[in-house]
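Q:
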Amino acid sequence: MKRLVFLVPVALFAAVLLTFAIGLDRDPSRIPSVLVGKPLPAFSLPGVRSRDSGLSSKEFRGEPRLLNVFASWCVSCRVEHPVLLQLKQQGVPIDGLDWKDDAAQGARYLAQNGDPYARAGNDRSGRTGIDLGVTGVPETFVVDGRGIVRYKHVGPIQPEDWTSIIEPLMDRLRTQS
Amino acid sequence: MKASGIAFAGLLLAASSAHAVLPNEQLADPKLEARARAVSAELRCVVCQNQSIDDSDAELAHDLRMLLRERLLKGDTDEQAKAFIVKRYGSYVLLKPQFRTETLLLWLGPFVVLMLGCAGATVYILRRRTSENVPLSPEEERLASAMLESEEAV
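Top to bottom, those sequences are chains G and E. For what it's worth, this note's numbering labels the leading residue of the first sequence as 3, then goes sequentially. For what it's worth, this note's numbering labels the leading residue of the second sequence as 22, then goes sequentially.
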């Protein structure tokens, strides 16, 4: 019994070690979004492409949609772009938010690299992005049929992010609405 | 030699005033500007996370500084202006965490550990003291003298 008392510090040390090991493995750039579970903040933005009538938070009604924050100056958006184009082909509704970017440059970026967006809005000042708690590009929000944010993905969507997290979530949201 | 000394002093000076706030960002009212500086020093830059938005050169930090100054100009109190940004980025951006139920462990944890350590040390010291003062039992006395005697025999 007395021997066991000496094991207490060892156990405590192991617990601390485990906590740090888990902490090391976590990505500090993934800041939990305060928006999850809350309605999309109100915004109304001018369009990016000539055919755009703009992008408004009111349009996120009916079916679950993705809201992808991108910019023509963003390098990792180019990594993500083929995935978005693939998703568009699969019939996933994606809207684009062109963050801190010139609308003409955003339009050129889409003309050159392919255009995955149903609607696209230009946020020149970046204020709408700040309202959404955007910390960088790309970021993607899953918005349900009632306009409530259900998930935020930071960084480029990889094919496995889609199949393991976002697609199951959107399927679930679709059956709920 | 002298020139390099001056250059070194210049470098030191430049390093000590490492603030990212640009002259064109500053408010005309020095009192309001001082408040803006104080508030932004308490807000974490979400791009370079170990800097405050007052220190960071990131573009988003610049945008947040401008936003903060706009809020103060509109008549927000320091707390309201801070809450405006916390509402968007979460309490994570507060470099000094608030005292709330979910941060209790953070604030009180070190004191709990300190108290546990003090309790452990007290128990240890008290025990050692009592064991020092306990006289040998007759049985122990007999064993001890037997040992001493046998050693002498060797």
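Cβ coordinates follow ideal geometry from the N, Cα and C atoms, glycine included.
Of all the CB atoms in chain E, is at least one closer than 8 Å to the CB of G/Val36?
A: It does; some Cβ of chain E falls within 8 Å.
Q: With DSSP collapsed to three states, give me the class of G/Asn70.
A: Reduced to three states, the DSSP call for G/Asn70 is strand.
Q: Do the region 93 to 100 of chain G and the region 154 to 162 of chain G meet, that is, are 3 or more Cβ pairs less than 8 Å apart?
A: Result no; under three Cβ-Cβ pairs closer than 8 Å.
Q: Name, going along the chain, the residues of the region 103 to 119 of chain E whose beta-carbon falls closer than 9 Å to a beta-carbon of chain G.
A: Answer in chain order: Ile106, Val107, Lys108, Arg109, Tyr110, Gly111, Ser112, Tyr113, Val114.
Q: So if I threshold CB-CB distances at 8 Å, which residues from the region 49 to 75 of chain E count as touching chain G?
A: So the close ones are Val67, Val68, Gln70.
Q: Along chain G, which residues have their Cβ under 9 Å away from the Cβ of E/Asp84?
A: What E/Asp84 touches in chain G: Lys102, Ser127, Gly128, Arg129, Gly131, Ile132.
Q: Let me know the secondary structure DSSP gives G/Ser55 once reduced to three states.
A: G/Ser55 falls in the coil class under three-state DSSP.
Q: Would you call the CB atoms of G/Leu134 and G/Pro41 closer than 8 Å?
A: Cβ atoms of G/Leu134 and G/Pro41: not closer than 8 Å.
Q: Check each candidate in G/Val136, G/Leu171, G/Tyr119 and name the one with the smallest Cα separation from G/Ser127.
A: For G/Ser127, the nearest C-alpha among the options comes from G/Val136.
Q: Cα separation between E/Leu88 and E/Gln47?
A: So the two alpha carbons sit approximately 12 Å from each other.
Q: What residue does the alpha helix (DSSP H) around E/Phe105 start on, and which one ends it?
A: 99 to 110 is the span of the alpha helix (DSSP H), which, as asked, contains E/Phe105.
Q: So for G/Thr142, helix, strand or coil by DSSP?
A: Correct three-state label for G/Thr142: strand.
Q: Taking only the alpha-carbon atoms, compute the straight-line gap between E/Asn71 and G/Leu175 and give it to the nearest angstrom.
A: Distance between the alpha carbons of E/Asn71 and G/Leu175 is about 37 Å.
Q: Secondary structure at G/Ala122, three-state DSSP: helix, strand or coil?
A: Three-state DSSP puts G/Ala122 in a strand.
Q: Is E/Trp128 helix, strand or coil by DSSP?
A: In this structure, E/Trp128 counts as helix in the three-state DSSP scheme.
Q: When the distance is taken between beta carbons, is G/Asn124 closer than 8 Å to G/Val50?
A: Their beta carbons are under 8 Å apart, which means G/Val50 touches G/Asn124 by this criterion.
Q: List, in chain order, every chain E residue whose beta-carbon is nearer than 8 Å to that of G/Thr1.
A: Nothing in the structure corresponds to residue 1 of chain G, since chain G is present only between 3 and 179.
Q: Quick check: the Cα distance between G/Arg5 and E/Gly141, rounded to an integer number of angstroms?
A: C-alpha separation (whole angstroms): 16 Å.
Q: In whole angstroms, what is the alpha-carbon distance linking E/Arg107 and G/Leu20?
A: The sequence as given places Val at residue 107 of chain E; Arg does not occur at that position. Near 31 Å, if we compare the C-alpha coordinates of G/Leu20 and E/Val107.
Q: Going residue by residue through the region 67 to 114 of chain G, where are the continuous alpha helix (DSSP H) segments of at least 4 residues, counting only ones entirely within it?
A: Those alpha helix (DSSP H) runs which fall completely within the region 67 to 114 of chain G and span 4+ residues are 77 to 91.
Q: Is the shortest distance between the beta-carbon of E/Leu164 and the beta-carbons of chain G less than 8 Å?
A: No - not a single Cβ of chain G is within 8 Å of the one on E/Leu164.
Q: Return the residues of the region 9 to 40 of chain G that lie within a Cβ-Cβ distance of less than 9 Å from chain E, sorted by chain order.
A: Taking 9 Å as the Cβ-Cβ cut-off against chain E, the residues of the region 9 to 40 of chain G that qualify are Pro30, Ser31, Ile33, Pro34, Ser35, Val36, Leu37.
Q: Between the alpha carbons of E/Pro44 and G/Ile167, how many angstroms are there, rounded?
A: Their backbone Cα atoms lie some 45 Å apart in a straight line.
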